[in-house]
Every structure is written in structure tokens, then in C-alpha cells.
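Position 51 of the sequence shown, counting from 1, maps to 70 under this note's numbering, and the rest follow consecutively. Here is the structure we will look at, set down as C-alpha cells.
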Amino acid sequence: MSENVIKEAIAEQKMRCPKCKKPIQKYEKFMETIDAVRDGFNVIEVDSRASRVTLTCGNADCEWKERTEYWAEYID
Ligand SMILES: [Zn+2]
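Now the structure itself:
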């Protein structure tokens, strides 16, 4: 469900670009870091919050872009 958190934070302009302080406009390449541990037939999913995403500021004159697992830090 963490992709929805990112989606909502961007929609509500709560995700801030650390460079220009304006709301981040978009994200892409969302990936759950599936640290699934396969142990025989048992699959244990480890920490679904460890999702990696590429954030793009998208505001004029700002080139900020970052691929991060720590996107939650950019939410106000
Ligand atoms: Zn920016």
C-alpha cells in the first residue's frame, strides 16, 4: 500500500523537493523491494515499506530527481 501513500502525498502536494521546496510533481518506477525470503515453500515478505521510487521535482528550473528508498522523508 505504500505506493498509495506516495500517490496521495504528491496529489495533496505534501511531498517537497529538498532543493526548491516546491511540491514534487511526479514519481516513477515504483518498486517494492521484495526482500522475500524463500525458505522452501514458505515465502516471508520483509518490510513492505522498503519501496524504491524515482521522484522527479518537475517544477520549472529545477532538475532535482532522486531514486530513493527514503521517500517518506520528503513528506511534510
Ligand atoms: Zn525542485
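Yeah, the Cβ is synthetic: ideal placement off N, Cα and C, and Gly gets one too.
Practice item. State the beta-bridge partners of I94 as determined by DSSP. Key: I94 has M34 as its beta-bridge partners, per DSSP.
Review point. So, is P42 buried or exposed, given that buried needs 16 or more other C-beta atoms within 10 angstroms?
Key: The residue is buried, with at least 16 neighbouring Cβ atoms inside 10 Å.
Review point. Buried or exposed: where does M50 fall if 16 or more other Cβ atoms within 10 Å of its Cβ makes it buried?
Key: exposed
Review point. Apart from the five residues on each side of it in sequence, which residues of its chain come closer than 6 Å, Cβ to Cβ, to I94?
Key: A28, K33 and M34
Review point. Taking the Cβ atom as the reference point for each residue, do L74 and E85 lie within a distance shorter than 8 Å?
Key: yes
Review point. Along the chain, where does the beta strand (DSSP E) that runs through K84 open and close?
Key: Bounds of the beta strand (DSSP E) holding K84 are K84 to T87.
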